[in-house]
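J.: In UniProt numbering, the protein residues as written are 1 to 285.
Yeah, the Cβ is synthetic: ideal placement off N, Cα and C, and Gly gets one too.
The structure that follows is given in the form of structure tokens.
Right, here's the structure in full:
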């Protein structure tokens with residue numbers, strides 16, 4: 001009550017309806033137990049040693065049906081560990097323990113004794129199936145694929161098909177990549193469950209259909225993708241070459257290759273040999 005006027009003044013805090021400021025219960029964060037993690041890795045290491053100690057003679061004493069089912073279980077467990085790889089890689093990226101950008105896979109390969117290809121595959125898969133949102137703006141992330149991630153955790157596929165899908169998505173024009181990834185997540189996961197992991201290799205027409213565009217590539221997109229890489233020299237002294245050429249450069253090289261064809265002795269000039277000779281002649285001028 002206001003002593004000067006004799007009127008009752010409402011208290012803005014006590015006179016509100018019940019529950020006005022009751023906050024919704026916050027969902028618990030997905031924190032696990034570090035002790036459980038350490039013990040589980042130790043148990044996994046022991047279990048692998050036991051499996052290795054059996055040898056082929058032990059496997060041969062099991063019936064064919066039991067052997068196949070046992071190996072399916074082993075393969076599912078191996079694929080499920082892809083989710084553990086993703087969690088590990090994400091923790092390294094979040095803590096900046098792993099270098100950002102293209103140097104990250106090289107650091108991962110060098111630190112844990114992986115091949116560079118395997119390291120790139122794990123990083124690409126982790127970027128798509130991780131369950132943790134990286135809020136640090138310094139760490140670049142891609143649109144997550146949670147339904148496909150569930151398939152990984154069920155042991156349906158491993159990192160390789162996820163990384164292949166990541167490459168297909170990144171090959172699309174940049175402005176449609178996020179939209180296509182979100183729309184394709186559930187259908188691709190269902191396809192992999194029914195048709196197997198290799199079905200990812202044939203998904204480009206499906207992805208471009210989601211994008212809703214006929215010509216998916218512009219000159220800027222092709223300029224972003226172009227590049228040629230000369231691989232490490234092998235023991236025989238030869239070096240592999242791979243990459244992506246723009247239509248203009250591909251046309252030039254095809255004309256050079258045709259110029260070095262020998263129709264009278266086709267068996268002496270295979271297409272790959274003509275291409276090599278054409279490049280050698282062009283570079284020697």
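Among all the DSSP beta bridges, which residues are the ones paired with residue 244?
T.: In the chain shown, the residue the question calls residue 244 occupies position 244. Paired residue(s): 227.
J.: Exposed or buried, what is residue 273 when buried is set at 16 or more other beta-carbons lying within 10 Å of its beta-carbon?
T.: Against the chain shown, residue 273 aligns to sequence position 273. Answer is exposed; the Cβ neighbour count stays below 16.
J.: Using only the alpha-carbon positions, how far apart do residue 227 and residue 41 sit?
T.: Position 227 of the chain shown holds residue 227. Position 41 of the chain shown holds residue 41. Distance between the alpha carbons of residue 227 and residue 41: 41 Å.
J.: Mind checking residue 58: buried by the 16 CB within 10 Å criterion, or exposed?
T.: The residue you call residue 58 lines up with position 58 of the chain shown. With fewer than 16 other Cβ atoms within 10 Å, it is exposed.
J.: Answer yes or no: do residue 130 and residue 155 have a C-beta to C-beta separation smaller than 9 Å?
T.: As a working note, residue 130 is residue 130 in the chain shown. As a working note, residue 155 is residue 155 in the chain shown. No, the Cβ-Cβ distance between residue 130 and residue 155 is not below 9 Å.
J.: Would a C-beta distance cut-off of 9 Å place residue 211 and residue 165 closer than the cut-off?
T.: For the purposes of this step, residue 211 is taken as the residue at position 211 of the chain shown. For the purposes of this step, residue 165 is taken as the residue at position 165 of the chain shown. No, Cβ-Cβ distance for residue 211 and residue 165 is not below 9 Å.
J.: Please look up how many angstroms separate the CB atoms of residue 181 and residue 191, rounded, as I've assumed it's under 8 Å.
T.: Within the chain shown, numbered from 1, the residue matching residue 181 stands at position 181. Within the chain shown, numbered from 1, the residue matching residue 191 stands at position 191. Going by Cβ atoms, the distance from residue 181 to residue 191 rounds to 15 Å, so no, they are not a contact pair.
J.: Ignore the nearest five residues each way along the sequence and tell me which others in residue 275's own chain have a CB closer than 6 Å to its CB.
T.: Reading the chain shown from its first residue, position 275 is the one you call residue 275. Around residue 275: 257.
J.: How many angstroms separate the CA atom of residue 103 from the CA atom of residue 82?
T.: Position 103 of the chain shown holds residue 103. Position 82 of the chain shown holds residue 82. In a straight line, the C-alpha of residue 103 is about 21 Å away from that of residue 82.
J.: If we ignore side chains and look at the alpha-carbon of each, how far apart do residue 71 and residue 198 end up?
T.: Counted from its first residue, the chain shown places residue 71 at position 71. Counted from its first residue, the chain shown places residue 198 at position 198. Distance between the alpha carbons of residue 71 and residue 198 is about 19 Å.
J.: Below 8 Å on the Cβ atoms is my guess for residue 157 versus residue 151; work out the distance and round it to an integer in Å.
T.: Against the chain shown, residue 157 aligns to sequence position 157. Against the chain shown, residue 151 aligns to sequence position 151. At roughly 6 Å, the Cβ-Cβ gap stays under 8 Å, so residue 157 and residue 151 are in contact.
J.: Hey, residue 290 and residue 90: beta-carbon distance below 9 Å or not?
T.: Any question about residue 290 goes unanswered here, given that the chain covers just 1 to 285.
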